[in-house]
Amino acid sequence: MELDPVLLSRIQFGFVVAFHILFPSLTIGIAAYIAVLEGLWLKTGREKYFAISRFWTKIFAVCFGMGVVSGIVMSYQFGTNWSRFSDTTANVLGPLLGYEVLTAFFLEATFLGILLFGRHLVPRWVHFFSALMVSFGTLFSSFWILSANSWMHTPAGYELIDGTFHVTSWLEVIFNPSFPYRLTHMVMATFLAAAFVIMGVAALYLLQKRHEDNARTMLSMGMGLVFLLAPAQVLIGDLHGLNTFEYQPVKVAAMEGHWETQRGAPLILFALPDREAERNRFEVGIPKLGSLILTHDLDGEVPGLKEWAAEDRPPVGIVFWSFRIMVAMGLLMVFVAVTGMVLRLRGRMFDRPWFLKICVAMVPTGLIAILAGWVTTEVGRQPWIVYEVMRTAEGASPAVGGTEVLISLVAFFVAYAIIFSAGIYYIVQLIRKGPVDEPPATKGRPARPLSAAGEPSGSAAE
Amino acid sequence: MTIDLPLIWAGIIAFAVFMYVLMDGFDLGVGILFPFVRDEGERDIMMNSVAPVWDGNETWLVLGGGGLMVAFPLAYATILPALYLPVLLMLIALIFRGVAFEFRFKAEGRQKHAWSWSFHLGSVFAAFAQGVILGSFIQGFTVEGRDFVGGPLDWLTPFAILTGFGLIAGYALLGTTWLVMKTEGGLQAWAYRNAERALLAVLGFIAIVSVWTPFMDPDIAARWFAWPNIAVLSPVPIVTGLVALGLFVALRRRFEGYPFIGAIALFGLSYLGIAISLWPNVVPPDISIWDAASAPKTQAFMLFGVVAVTPFVLAYTAFSYWVFRGKVRGDTGYH
Ligand code: HDD
Ligand code: HEM
Ligand code: HEM
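Chains A and B are the protein sequences, given in the same order. Residue numbers 3 to 464, in the working numbering, belong to the letters of the first sequence in order. Residue numbers 10 to 344, in the working numbering, belong to the letters of the second sequence in order.
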């Protein structure tokens, strides 16, 4: 059988980017949390902020390490597997990625050293400043990479000369139509994902009756954030969808599972879209609600997939279901946020085991929603790599054969499986150990292994 | 007169790649040396000497790759597919090496041992792959139109394998001289001894590559040996010899700081030699920096960023090295 290098490259890209995004999502959120904790410690001098910050810094360090190594893979993928895409779009996307390196990667990587290893070498405020810079770095990084990605969805500010993209306006390129929505939605997503991880760990400690004082602080802080962000995320998601409806209506048709153009379209809750038959099986929906959401009019017209030629439609089933998974997670988050707030107002949030158990179960929801959201966005963009200008298949590297891509795919798969298992294993160990009391910072040079994780989890090994 | 943007960009990328080679060079070198010291305690010290800075160092690699895409997309889109397998080897090696920093210190016993090996082998293979990439780059690529059209194993030649081993030796030299500067006692004495060995190996590789390259490519031979070039360029090998001699003396006399600087100078001269051989091509043998350049508007926009931001990057990088200045000790301090 012939190995199709384009298909394999797509699988590889989807796999490595999905692996990558798990870790940045956590690092963006946790970096901001650490900066807040360090600030609070600087201001109030209360030891618990110090202990919590140290604890999350260790976990942060593991996530960051995995984010960096998988990120470097990403930046070389564009050249190795998608050389036609890189060559054609470099005039536009090159500087966006270049600015990311200059303004974000150097900042976070350099101050990370001081954040993790410099606590005893610099004054407290410099350490706080480093935490702040790391957090800014992760946010700048999101800014540029999402600008690049959004441009691929809603290209603007360019002209085509001999088949190559040339920029006519940098402002239009950077602030392309879907960028503000995507940036806000994604940054909030990372904060939510981190908050639910933090709350889950805190709830676990409360259930186990360990580190209770620290755990209460973590849970309240997380809950405060989630109460604000979860409903806001639903709202922004809705606005994001309206923006998509304007620029990529076929994607919305796939998300909604609409085959026919209709007025008063239903909101479909469940269906099995069938690409061959061009219709849904087992459809369950709420009449008219789809039109209401998308057009703010019960009888608004919503275009269906059949408006587009079959080869211009994205794979409907994946987009339809990944979208529902994300929305389900979003609604769950709102439910937990509201429940938590009600309990808290009654002073009962810390001693309701059923609620704490829910918090523990919520740990992966943020990451699941993020992956599902990206799958919706990216698969929904297919078959285009630059929307309605360049097809994904045209972007691949012509000289790279199926065998090579298969080798690399297997290699990445094995490597990521190993480091993912190890990473999870060490994170679980760190959580088991918890925020133990450590002597607060004194100045002096470190003697023991310089690692954010501090000493090995058991007794010393040497 | 208009500004020659591709020329400026060639300088910027050459600078970024050189920064990468030096900075990640010494921390990869530390990884290459890892299994050869006495015990895990010394390995801890070695790792501590680079743990706070390795990530910043590796970012220069991202800048090199990203810069190539910004300024010379044709080079980015032909060289990377041509080097698919060596680049893959490098990435996988960097993955195992990068995560070892965090994992090794969380592990004990056999697990710790395994991450030591992950760190070592990752460093060795990353260095080797980069050396192979360098060698293939010198040899050149088969390009038609805007695409690489050669085979997946074109890079696999004796010359590229040689440069692969050469770079392992080169990074080992940077690593030993770095340890001379950052450690003391038994480990430092060990580093002094092995820096000499690494230096001899590096000189051997430099000699072979210098003789082999002109034989491989008559254009390169003409560039170095034709009159008047030979007069203008002859200082390069002569200065290289002097620097090597100085480095040797500095190691014998137990100067702490000079060997590292000498090793950097040796890298700089070799780099200069390669640049002279290949100038002005970014995709040897015959695509020049002007052929491969991106749109002037793109180069100008990014140049603005480089000019505005790089001073800050260099400043806080220097600050971070300053914070972690001095010897890494194993006996005092905070636990
Ligand atoms: C929303 C955020 C986001 C998204 C969509 C991506 N990344 Fe990422 N990336 C980050 C957010 C981030 C980060 C938070 O800035 C990381 C995570 C850990 C870290 O060190 O920085 C990072 C690390 C990171 C690194 C290592 C930087 C270093 O050496 O310190 C590279 C080269 C990339 N990424 C490249 C990419 C590419 C080419 C992507 C597109 C497919 C991508 N990232 C998607
Ligand atoms: C970080 C979160 C991201 C995730 C989880 C993600 C996921 C995916 C997935 C699953 C595909 C495959 C679609 C298909 O082929 O059916 C894809 C395609 C693609 N994405 Fe993303 N993506 C992310 C971010 C980005 C960003 C930030 C960029 C660019 C700056 C990008 C560029 C691309 C390109 C070039 C393709 C086309 C290649 C392909 O089809 O595989 N992606 N992405
Ligand atoms: C019920 C609430 C939500 C709605 C209505 C919603 C809506 C959307 C829409 C319409 C898109 C696709 C954008 C496109 O067409 O390209 C999207 C993408 C995405 N969503 Fe959501 N979303 C919701 C909740 C969430 C939650 C809770 C998270 C994560 C914690 C999340 C994370 C993402 C991500 C990472 C993407 C891909 C990046 C992007 O395009 O912004 N979403 N969302």
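Backbone N, C-alpha and C define an ideal beta-carbon position, used for all residues, glycine too.
For the candidate residues the options, whose alpha-carbon lies nearest to that of residue i?
i: M201 (chain A); options: A:R212, A:H187, A:T219 and A:R184; result: A:T219
i: A279 (chain A); options: A:I370, A:G287 and A:L307; result: A:L307
i: E248 (chain A); options: A:L221, A:A195, A:H155 and A:L333; result: A:H155
i: G287 (chain A); options: A:L271, A:L296, A:R277 and A:D299; result: A:L271
i: F137 (chain B); options: B:I239, B:L100, B:E111 and B:I285; result: B:L100
i: F15 (chain A); options: A:W376, A:V438, A:L432 and A:I54; result: A:W376
i: A191 (chain A); options: A:L231, A:G292, A:F107 and A:G115; result: A:L231
i: K253 (chain A); options: A:F284, A:E214 and A:L296; result: A:L296
i: T341 (chain A); options: A:I360, A:M331 and A:W323; result: A:I360
i: I320 (chain A); options: A:Q384, A:G349, A:L24 and A:G436; result: A:Q384
i: V248 (chain B); options: B:G282, B:V26 and B:S132; result: B:G282
i: R113 (chain B); options: B:F81, B:I142 and B:M55; result: B:M55
i: G397 (chain A); options: A:E40, A:A92 and A:F66; result: A:A92
i: F105 (chain B); options: B:K115, B:F128 and B:K121; result: B:F128
i: H260 (chain A); options: A:Y160, A:N282 and A:G243; result: A:N282
i: V128 (chain A); options: A:A419, A:F66 and A:W43; result: A:W43
i: R334 (chain B); options: A:F325, A:L123, A:F198 and A:T367; result: A:L123
How about residue i: is its C-beta nearer than 8 angstroms to some C-beta of chain C?
i: Y101 (chain A); result: Absence of chain C from the displayed structure is noted, the protein chains being A and B.
From the DSSP output, which residues share a beta bridge with residue i?
i: I270 (chain A); result: A:G287
i: H168 (chain A); result: A:E161
i: E303 (chain A); result: A:R265
i: R393 (chain A); result: A:W386
i: R281 (chain A); result: A:D276
Evaluate residue i with the Cβ neighbour count: other Cβ atoms within 10 Å of its Cβ, from every protein chain shown; 16 or more gives buried, anything less gives exposed.
i: H22 (chain A); result: buried
i: H298 (chain A); result: exposed
i: Q210 (chain A); result: exposed
i: V220 (chain B); result: exposed
i: S171 (chain A); result: exposed
i: E153 (chain B); result: exposed
i: S423 (chain A); result: exposed
i: E380 (chain A); result: buried
i: S329 (chain B); result: buried
i: I163 (chain A); result: exposed
i: S88 (chain A); result: buried
i: P44 (chain B); result: exposed
i: I290 (chain B); result: Checking the displayed sequence, the identity of residue 290 (chain B) turns out to be Asn instead of Ile. Buried, because 16 or more other Cβ atoms sit within 10 Å of the Cβ of N290 (chain B).
i: Q250 (chain A); result: buried
i: R277 (chain A); result: exposed
i: R12 (chain A); result: buried
i: E313 (chain A); result: exposed
i: P7 (chain A); result: buried
i: R315 (chain A); result: buried
i: P61 (chain B); result: buried
i: S399 (chain A); result: buried
i: P15 (chain B); result: buried
i: W18 (chain B); result: buried
Legend entry - Members of the stretch 12-23 of chain A near chain B, C-beta cut-off 7 angstroms: Here the close residues number zero.
Legend entry - Ordered list of alpha helix (DSSP H) runs contained in the stretch 271-316 of chain B, each at least 4 residues: Every alpha helix (DSSP H) of 4 residues or more that sits fully in the stretch 271-316 of chain B is shown, in chain order, as 298-301.
Inset, instruction - For the stretch 370-392 of chain A, enumerate the residues whose C-beta is nearer than 9 angstroms to any C-beta of chain B, in chain order. - result: Of all residues in the stretch 370-392 of chain A, none has a C-beta nearer than 9 angstroms to a C-beta of chain B.
Inset, instruction - Residues of the stretch 171-198 of chain A with a CB closer than 8 angstroms to any CB of chain B: list them in chain order, please. - result: Within the stretch 171-198 of chain A, the residues whose Cβ lies closer than 8 angstroms to some Cβ of chain B are W172, listed in chain order.
Legend entry - Inside the stretch 132-199 of chain B only - alpha helix (DSSP H) runs reaching at least 4 residues: 167-191, all fully within the stretch 132-199 of chain B.
Legend entry - Proximal residues, the stretch 101-113 of chain B versus chain A, C-beta separation under 8 angstroms: Within the stretch 101-113 of chain B, the qualifying residues are I101, L103, I104, F105, G107, V108, F110, E111, F112 and R113.
Legend entry - Interface positions of the stretch 122-137 of chain A facing chain B (Cβ-Cβ less than 7 angstroms), listed along the chain: Answer set for the stretch 122-137 of chain A: H122, L123 and V124.
Inset, instruction - Quick one: which residues of the stretch 133-162 of chain B get their C-beta closer than 8 angstroms to a C-beta of chain A? List them in chain order. - result: Listed by position along the chain: R155, D156, F157, V158, G159 and P161.
Legend entry - Short-range partners of chain A found in the stretch 17-33 of chain B, where Cβ spacing is below 9 angstroms: Answer in chain order: no residues at all.
Inset, instruction - Please list the residues of the stretch 393-412 of chain A that have a C-beta atom closer than 9 angstroms to any C-beta atom in chain B, keeping them in chain order. - result: Cβ contacts with chain B: S399, P400, A401, V402, G403, T405, E406, V407, I409 and S410.
Legend entry - Selection of the stretch 227-239 of chain B by Cβ proximity to chain A, strictly under 8 angstroms: Residues passing the 8 angstroms Cβ filter: none.
Inset, instruction - Tell me the start and end of each unbroken alpha helix (DSSP H) in the stretch 48-101 of chain A that is at least 4 residues and wholly inside, in chain order. - result: With a minimum length of 4 residues, the continuous alpha helix (DSSP H) runs that stay inside the stretch 48-101 of chain A are 49-83.
Legend entry - Positions along the stretch 298-327 of chain B whose CB lies within less than 8 angstroms of some CB in chain A: The residues in question are S303, A304, K306, T307, F310, M311, G314, V315, V318, T319, V322, Y325 and T326.
Inset, instruction - Taking only beta carbons into account, state which residues of the stretch 47-70 of chain A come closer than 7 angstroms to chain B, listed in chain order. - result: Within the stretch 47-70 of chain A, the residues whose Cβ lies closer than 7 angstroms to some Cβ of chain B are A63, V64, G67, M68 and V70, listed in chain order.
Inset, instruction - Mind checking the stretch 152-172 of chain A against chain B and listing, in chain order, the residues whose C-beta falls within less than 7 angstroms of any C-beta there? - result: So the list reads H168, V169 and W172, given in the order they occur along the chain.
Inset, instruction - Please name the residues in the stretch 162-190 of chain B whose beta-carbon is closer than 8 angstroms to at least one beta-carbon of chain A, in chain order. - result: For the stretch 162-190 of chain B, there are no residues whose beta carbon sits under 8 angstroms from a beta carbon of chain A.
Inset, instruction - For the stretch 252-275 of chain A, enumerate the residues whose C-beta is nearer than 8 angstroms to any C-beta of chain B, in chain order. - result: Residues of the stretch 252-275 of chain A with a C-beta less than 8 angstroms from any C-beta of chain B: none at all.
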